[in-house]
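Report on the structure given below.
In the working numbering, the protein residues as written are 4 to 118.
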């Protein structure tokens, strides 16, 4: 039975994310903070899960502030946090930024031919 649950979690993680308007607004609010955006860039540029110690070394903020920003990004659905004992590893949620970008692109009015 434990194997079934593990498979279900993996399958859920592979589904493309769908964000409604409220979820998109939460994501944009989280990204509006320069430090959170910088943290997201650090996670993205790392290429693999980023350890919190690495994130703390890369950003000029306190551990408490880092923890706050991680919670905001996780709550917004932008990152996943994997905990192993006292360590935490941060990774981007697959497809979330593409979904957000597609939602924003859909707001762009279509241009009429010849304009």
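Ideal Cβ positions, reconstructed from N, Cα and C, are used throughout, including at glycine.
Item                                                                                           : Value
Candidates 28, 56 and 51: closest to residue 89 by CA position                                 : 56
Cross-strand partners of residue 54 (DSSP beta bridge)                                         : 92
Per DSSP, cross-strand counterpart(s) of residue 83                                            : 94
Residues near residue 82 by beta carbon distance below 8 Å, same chain, minus five either side : 43, 46, 73, 76, 93, 94, 95 and 96
Spatially closest choice to residue 36 from 25, 79, 52 and 53, by CA coordinates               : 79
C-beta contact flag for residue 33 and residue 27 at 7 Å                                       : no
Beta-carbon proximity of residue 59 to residue 69, cut-off 7 Å                                 : yes
Residue 59 (DSSP reduced to helix, strand or coil)                                             : helix
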